[in-house]
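One point on numbering: in full-length UniProt numbering, the residue at position 101 of the sequence shown is 101, and numbering is uninterrupted.
Don't be surprised by glycine CBs; every beta carbon is placed ideally from N, CA and C.
In this text, all values refer to a predicted model and were calculated from it rather than measured experimentally.
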Amino acid sequence: MGRRYAIYDVFTEKLLEGNPLAVVFDAEDLSDSAMQSIAQEFNLSETVFIQRRGSATHAVQLRIYTPWHELPFAGHPTVGAAVAIAEALYGDTEKPLDLMQVLEQKVGPVRAAVRLRPGAATFAEFDLPRKPSRLDARFDKQAIADALSLKATQIGFENHVISFWSAGVPFVMVPLHDIAAVAAVEFDPQRWERLAPLAEGRLAAAYLYCRGGINHTARFHARMFAPEMGIAEDPATGAAVAALSGAIHLFDELVDGHHAILVEQGVEMARPSFIHLHLDIAGGKISTARIGGHAVKMAEGELAV
Numbered sequence: 001m002g003r004r005y006a007i008y009d010v011f012t013e014k015l016l017e018g019n020p021l022a023v024v025f026d027a028e029d030l031s032d033s034a035m036q037s038i039a040q041e042f043n044l045s046e047t048v049f050i051q052r053r054g055s056a057t058h059a060v061q062l063r064i065y066t067p068w069h070e071l072p073f074a075g076h077p078t079v080g081a082a083v084a085i086a087e088a089l090y091g092d093t094e095k096p097l098d099l100m101q102v103l104e105q106k107v108g109p110v111r112a113a114v115r116l117r118p119g120a121a122t123f124a125e126f127d128l129p130r131k132p133s134r135l136d137a138r139f140d141k142q143a144i145a146d147a148l149s150l151k152a153t154q155i156g157f158e159n160h161v162i163s164f165w166s167a168g169v170p171f172v173m174v175p176l177h178d179i180a181a182v183a184a185v186e187f188d189p190q191r192w193e194r195l196a197p198l199a200e201g202r203l204a205a206a207y208l209y210c211r212g213g214i215n216h217t218a219r220f221h222a223r224m225f226a227p228e229m230g231i232a233e234d235p236a237t238g239a240a241v242a243a244l245s246g247a248i249h250l251f252d253e254l255v256d257g258h259h260a261i262l263v264e265q266g267v268e269m270a271r272p273s274f275i276h277l278h279l280d281i282a283g284g285k286i287s288t289a290r291i292g293g294h295a296v297k298m299a300e301g302e303l304a305v
């Protein structure tokens, strides 16, 4: 008998949109090298392995791999795994069902709430395991513009300038003037690798964003490039939105209270994705932050290994 797996489209309610994710169940006996090889075989931006072990208070442990290496934390595998576990346990529920899970990851335990609804895509939302922190780095605006095939004048809008953030995975946040500038980007991975800073043991990825969206409900429009992770471009990046929350709070000077922010990504890839960010600000600081989205099962089967 083979090992069960499923493919989920994450941060979308529609099949063939969002960010595809491979979910491998019952992965307790897989070695690190085997998980890396399976992730390379799927060749998606990330593959998540569900291992039912860890402390008694944690439901499962997640191991998250890009085609090139393991990540301590990532958003779309967290959402996708939470949805996959809930659907595997309860299937097509005939009545609304709300669940709470604790998913142990390298970054630490992550609390996830799952909302199952009959006839609708399942929604999952998780508390950020780490609040965003700004990292030290100096940037050459023209060099970054060259790496993006843009003019330096197309970088920045309002108070937003290039900044460096991490909430578990580091990203250089590059604000662009408008959606047209984001769409015009031709990313040069060799140029980027020469200028990107190192943090937390890895080369920082590029997260490009602007105000507004193709979808009128989106507050921000984004693209993500991560050559160091083996990802040419990512349709949806929860870990980047977690980091982006720090830039939004800083540059938009968010007032105390609750802020619901929708970020769209993947539009240029014909994989539109919608990432829900919720920030609670108290005393001028981020007190709590959550990221959520829908996920739909695209395929399922068995691995021969």
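Problem - Reduced DSSP category for I281 - H, G, I as helix; E, B as strand; rest coil - result: As a working mapping, residue 281 is identified with position 281 in the sequence shown. Correct three-state label for I281: strand.
Problem - Euclidean distance between Cα positions of A236 and G80 - result: For the purposes of this step, residue 236 is identified with residue 236 of the sequence shown, where counting begins at 1. For the purposes of this step, residue 80 is identified with residue 80 of the sequence shown, where counting begins at 1. So the two alpha carbons sit approximately 12 Å from each other.
Practice task
Kindly identify the DSSP beta-bridge partner or partners of V102.
Solution key: To locate residue 102, count along the sequence shown from 1; it is residue 102. According to DSSP, V102 bridges with R111.
Handout entry: Cβ shell of G284 (< 8 Å), same chain only, five flanking positions each side left out
Key = One-based indexing of the sequence shown puts residue 284 at position 284. Answer for G284: D256, listed in chain order.
Problem - Contacting residues, own chain, Cβ-Cβ under 8 Å from P118 (five flanking each side not counted) - result: Your numbering for residue 118 matches position 118 in the sequence shown. Excluding positions up to five away in sequence, the list reads D92, T93, E94, K95, P96.
Practice task
Please classify L15: is it buried, with 16 or more other beta-carbons within 10 angstroms of its beta-carbon, or exposed?
Solution key: Position 15 of the sequence shown, counted from the first residue, corresponds to residue 15. L15 sits exposed, since fewer than 16 C-beta atoms from the chains shown fall within 10 Å of its C-beta.
Practice task
Compute the beta-carbon to beta-carbon distance between R219 and V172, rounded to the nearest angstrom, for a pair I have assumed lies under 8 Å.
Solution key: Locating residue 219 in the sequence shown gives position 219, where the first residue counts as 1. Locating residue 172 in the sequence shown gives position 172, where the first residue counts as 1. Their Cβ separation, rounded to whole angstroms, is 20 Å, which puts R219 and V172 out of contact at 8 Å.
Problem - Endpoints, alpha helix (DSSP H) assigned at I85 - result: Stepping through the sequence shown from its first residue, residue 85 is reached at position 85. Run containing I85: 75-90, per the alpha helix (DSSP H) assignment.
Practice task
Quick one: using the 10 Å Cβ neighbour count with 16 as the cut-off for buried, is H258 buried or exposed?
Solution key: What you label residue 258 is simply residue 258 of the sequence shown in a count that begins at 1. The residue is exposed, with fewer than 16 neighbouring Cβ atoms inside 10 Å.
Practice task
Take the Cβ of M100 as the centre, count every other Cβ of all protein chains shown within 10 Å, and call the residue buried at 16 or more, exposed below.
Solution key: Residue 100 sits at position 100 when you count from the first residue of the sequence shown. Counting Cβ neighbours within 10 Å, M100 comes out exposed, since fewer than 16 surround it.
Problem - Burial state of N159, where buried means 16 or more other Cβ atoms lie within 10 Å - result: Residue 159 sits at position 159 when you count from the first residue of the sequence shown. Answer is exposed; the Cβ neighbour count stays below 16.
Practice task
Going by CA-CA distance only, name the one from E200, E233, D252 that's closest to L44.
Solution key: Here residue 44 is taken as the residue at index 44 of the sequence shown, counted from 1. Closest by alpha carbon: E233.
Handout entry: Rounded separation between E28 and D146 - CA only
Key = Against the sequence shown, residue 28 aligns to sequence position 28. Against the sequence shown, residue 146 aligns to sequence position 146. Distance between the alpha carbons of E28 and D146: 45 Å.
Exercise for the section: Counting only the same chain and skipping the five closest in sequence on each side, list residues whose C-beta sits under 7 Å from that of V241. Expected result: Within the sequence shown, the letter at position 241 stands for residue 241. So the list reads G75, V263, I275, L277, I291, once near-sequence residues are dropped.
Practice task
Please determine, among E70, A299, G212, the residue with the shortest C-alpha to C-alpha distance to Q265.
Solution key: Here residue 265 refers to the residue found at position 265 of the sequence shown. Considering only alpha carbons, the answer is G212.
Problem - Exposure of L198, with buried meaning 16 or more beta-carbon neighbours within 10 Å - result: Within the sequence shown, numbered from 1, the residue matching residue 198 stands at position 198. Exposed, because fewer than 16 other Cβ atoms sit within 10 Å of the Cβ of L198.
Practice task
Work out the CA separation of G238 and D136 for me, nearest whole Å.
Solution key: The residue given as residue 136 occupies position 136 in the sequence shown. The residue given as residue 238 occupies position 238 in the sequence shown. Roughly 22 Å separates the two Cα atoms.
Exercise for the section: Kindly provide the ranges of any alpha helix (DSSP H) runs that are 4 or more residues long and lie completely inside the region 173-215, ordered along the chain. Expected result: 179-184, 189-195
Practice task
Report the residue from D127, A120, K106, V60 whose alpha carbon sits nearest the alpha carbon of A112.
Solution key: Numbered from 1 along the sequence shown, position 112 holds the residue referred to as residue 112. The shortest C-alpha separation from A112 is found at D127.
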